[in-house]
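One structure is given here, and the rest of the page talks about it.
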Amino acid sequence: MAGRKSYRQEFTKGIWKDNPVLVLLLGLCPALAVTNSVENGLGMGLAATFVLVMSNVVTSILRKVIPARMRIPCFIVTIAAFVTIVDLVLQGYFFTLSQALGVFVPLIVVNCIILQRAEAFAYKNGILISLIDALGIGAGFTLALVMMGVVREFFGNGTLLGYAATPASFHPAIVMILPPGAFITLGLLIAGMNWLSQRNARLALEKQRAERRAARRTA
Amino acid sequence: MPEQEQHKPRPGEELALEPVKPVVGSAEAEPPGASAISPAIVIPPVAIAIVSSFLLALVYGVTKTPIAEAKKADKREKLGAVMPAFDNDPLETELPLTEAGAGTAGNVMLYTGESDGASSGYGITSAVGTGYSGYFSVVFGLDAEGKITEVRILESMETPGLGSKAGEPGFTSQFTGKSLENFEFAVTKDGGDVDAITGATITSRAVSDALRQGLENFTLPESGSGNESANGSGALEAASSDESLDGQHRPGGRD
Chain V
58 MAGRKSYRQE
68 FTKGIWKDNP
78 VLVLLLGLCP
88 ALAVTNSVEN
98 GLGMGLAATF
108 VLVMSNVVTS
118 ILRKVIPARM
128 RIPCFIVTIA
138 AFVTIVDLVL
148 QGYFFTLSQA
158 LGVFVPLIVV
168 NCIILQRAEA
178 FAYKNGILIS
188 LIDALGIGAG
198 FTLALVMMGV
208 VREFFGNGTL
218 LGYAATPASF
228 HPAIVMILPP
238 GAFITLGLLI
248 AGMNWLSQRN
258 ARLALEKQRA
268 ERRAARRTA
Chain H
51 MPEQEQHKPR
61 PGEELALEPV
71 KPVVGSAEAE
81 PPGASAISPA
91 IVIPPVAIAI
101 VSSFLLALVY
111 GVTKTPIAEA
121 KKADKREKLG
131 AVMPAFDNDP
141 LETELPLTEA
151 GAGTAGNVML
161 YTGESDGASS
171 GYGITSAVGT
181 GYSGYFSVVF
191 GLDAEGKITE
201 VRILESMETP
211 GLGSKAGEPG
221 FTSQFTGKSL
231 ENFEFAVTKD
241 GGDVDAITGA
251 TITSRAVSDA
261 LRQGLENFTL
271 PESGSGNESA
281 NGSGALEAAS
291 SDESLDGQHR
301 PGGRD
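First to last, the protein sequences are chains V and H. Just so we're aligned: 181 in our numbering is position 124 of the first sequence, and the numbers increase by one with no gaps anywhere. Just so we're aligned: 113 in our numbering is position 63 of the second sequence, and the numbers increase by one with no gaps anywhere.
Dropping the structure here:
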């Protein structure tokens, strides 16, 4: 049933159609809080993706033995275990990044994207497809966070990945790295995304009509 | 394949669902019908919890040393950056100056830098609870005269890119050469001498608090008071303080 095409669909849906941050509006807390620099957004995205992949795979493997009534505690314990692993590894081997992400790494436990994917997808689907789903959603989450980080770091600090990206005469707008900047950036990104997808839908519709017209004419 | 599995109850689950009423806690469920807690519903979560704890214990064991090393390296690097030149390992001279334990607000630790066997300067870490997100600690160096050489943030949860600017030279350089005698460690808004960071007054205040707390708990050992190492530290200390005076005392700082 699940052919090659549907694997690809499962992957790309997380990036575009079902992007967790920009379409489903899930996991907004880390998306708003840590994205004041590209590095933080990327680190957070990758950490959450790792947890998401592991949690989806484990949930999928155990989906036949986890009783329905006890599934949420089981999911949370699994997720918490992997988050703690990520936290310890970051502290041990990526000290600066773990300092920068601070409390938001432990908070991945309650990131609703991860629980939602376990609940809505991995608990009902096979291992491979759950893995692909997690990778897609994780990529969408990471991309959204990096995009926010780019916008906010550029306008709020005049740098990109810590390197100066603007002339010295540029006065960074501090508001962009403060909480209001997060909301403004998120709003603009969502607006841009809606505009693009509506435009695509319109173009597709017009193309369809044109084809139908052409077909009628030839008939 | 995925969808059809969704609502079909599994063998164990069917059994467990029969006495429906007491759904919540398994302990409460006992009196009406003990069959509410069937092995099928208890074993999986317990097994998952046990496996998880073993996994965590394993990872904790593996990462314990690297984490301690990373924290130590961070502290050592920052002490090296703020203290006058030394040739010992200051981390080995750690001495608590307040009763608050390490890692809690109010903690002040003293590190002594030695050069050729005599103390060349001091490093102090000071933690306060008044940061933008609570716990906040700085590390700063003192020359042999008790004047601040450099300041760095040790641990903080301040807003990255804003409050974290408190660790950059643009802010910290105003403390160089200062001590309690010639500087009021409070932001200008509160009537002190500290130029706060735009948009991060609270963090600037926390830095001021931490520095003041550190300095207030520190008394410069009297040279020749005899509590130093044996080999005539008084004279050597005087010599090194002269040296640092030449190097450090740029007239007319920023105030």
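Ideal placement from N, C-alpha and C gives every residue a C-beta, glycine not left out. Since the model is a prediction, treat every value here as computed from it, not as a measurement.
Measuring from the CB of V:V146, is there a heavy atom of the ligand SAH at a distance below 7 Å? Judged by which ligands are present, the structure shown has none, so any question about the ligand SAH falls away.
Contacts of H:V109 in chain V (Cβ-Cβ under 7 Å): I142 and L145
Since H:P116 meets chain V, which of its residues come closer than 7 Å, beta carbon to beta carbon? G149 and Y150
H:A333 classed as buried or exposed, judged by whether at least 16 other C-beta atoms fall within 10 angstroms: Shown here, chain H extends from 51 to 305; a query on residue 333 of chain H therefore has no answer.
Excluding the five sequence neighbours on either side, which residues of its own chain have a C-beta within less than 7 Å of the C-beta of V:F290, listed in chain order? In the structure as shown, chain V starts at 58 and stops at 276, and residue 290 of chain V therefore has no counterpart that could be examined.
Using the rule of at least 16 other Cβ atoms within 10 Å of the residue's Cβ for burial, across every protein chain shown, is V:V160 buried or exposed? exposed
Using a Cβ-Cβ distance under 8 Å, would H:I98 count as near chain V? Yes, H:I98 counts as interfacial toward chain V.
H:P134 by DSSP, collapsed to three states: which one? Here H:P134 sits in coil by DSSP.
So, are the CB atoms of H:E119 and H:N138 less than 8 Å apart? In this structure, the beta-carbon distance from H:E119 to H:N138 does not fall below 8 Å.
Uninterrupted beta strand (DSSP E) stretches inside the segment 136-202 of chain H (no shorter than 3 residues): Fully enclosed beta strand (DSSP E) runs of 3 or longer: 158-165, 168-181 and 184-193.
Within 8 Å (strictly less), CB to CB, does H:I174 reach chain V? no
For chain H, check one thing: does any of its Cβ atoms lie closer than 8 Å to the Cβ of V:C131? Cβ-Cβ to chain H under 8 Å: yes for V:C131.
Any contact of the segment 112-121 of chain V with the segment 175-188 of chain V, i.e. 3+ C-beta pairs under 8 Å? Yes, they touch.
Can you list, in chain order, the residues of its chain with a C-beta nearer than 7 Å to that of V:P163? Leave out the 5 residues immediately preceding and following it. V140 and D144
With respect to the alpha helix (DSSP H) encompassing V:G244, which residues constitute its N-terminal and C-terminal limits? The continuous alpha helix (DSSP H) containing V:G244 extends over residues P236 to T275.
Per DSSP, what kind of secondary structure is V:V114 in: helix, strand or coil? V:V114: helix per DSSP, three-state reduction.
Looking at H:S170 and H:A135, is the spacing between their C-beta atoms short of 8 Å? Contact: yes.
Here's the rule I'm using: 16 or more other beta-carbon atoms within 10 Å means buried, otherwise exposed. How should H:F190 be labelled? buried
Counting only the same chain and skipping the five closest in sequence on each side, list residues whose C-beta sits under 7 Å from that of V:W73. Non-local C-beta neighbours of V:W73 in its own chain, meaning closer than 7 Å and more than five positions away in sequence, are absent.
Do H:G241 and H:V158 have their beta-carbon atoms positioned less than 8 Å apart in this structure? no
Can you find a C-beta in chain V that's less than 8 Å from the C-beta of H:P95? yes
Check whether the segment 229-238 of chain H and the segment 144-156 of chain H touch, using three or more Cβ-Cβ pairs below 8 Å as the test. no
Through-space distance from V:A88 to V:R174, alpha-carbon basis: One Cα belongs to V:R174, the other to V:A88, and the distance between them is close to 17 Å.
Chain V contact residues for H:T248, given Cβ-Cβ distances below 9 Å: I231
Using 10 angstroms around the beta-carbon of H:D259, count the other beta-carbons present and answer buried if the total reaches 16, otherwise exposed. buried
Tell me which residue opens and which closes the alpha helix (DSSP H) that V:V21 is part of. Residue 21 of chain V falls outside the range modelled here, since chain V spans only 58 to 276, and no answer is possible.
Which of helix, strand or coil does DSSP assign to H:G276? Unreliable placement is indicated for H:G276, whose pLDDT of 40 sits below 50; no coordinate value is reported for it.
Grab me the residues of V:I118's own chain with a C-beta within less than 7 Å of its C-beta, minus the 5 sequence neighbours each way, in chain order. I184
Taking Cβ to Cβ, would you say H:I98 is nearer than 8 Å to V:V134? yes
Taking the alpha carbon of V:T153 as the point to measure from, which residue in H:G130, H:T162, H:D124 and H:G184 has its own alpha carbon closest? Considering only alpha carbons, the answer is H:D124.
Just mark V:P237 as buried or exposed, buried being the case when its beta carbon has 16 or more other beta carbons within 10 Å. The C-beta of V:P237 has fewer than 16 other C-beta atoms within 10 Å across all chains shown, which makes the residue exposed.
I want to verify the contact list: residues of chain V whose CB lies under 7 Å from the CB of H:D124, in sequence order. Under the 7 Å cutoff, chain V gives F152.
Rounded to a whole number of angstroms, what is the C-alpha to C-alpha distance between H:L108 and V:V91? When the Cα atoms are used, H:L108 and V:V91 turn out to be separated by approximately 29 Å.
Alpha carbon to alpha carbon, how far is V:G215 from V:H228? Give it in angstroms, no decimals. 8 Å
With 16 other CB atoms within 10 Å as the buried threshold, where does H:S223 fall? exposed
Jot down the residue ranges of each uninterrupted alpha helix (DSSP H) in the segment 224-278 of chain H, minimum 4 residues, whole runs only, in chain order. Within the segment 224-278 of chain H, the complete alpha helix (DSSP H) segments at least 4 residues long are 251-266, listed from N- to C-terminus.
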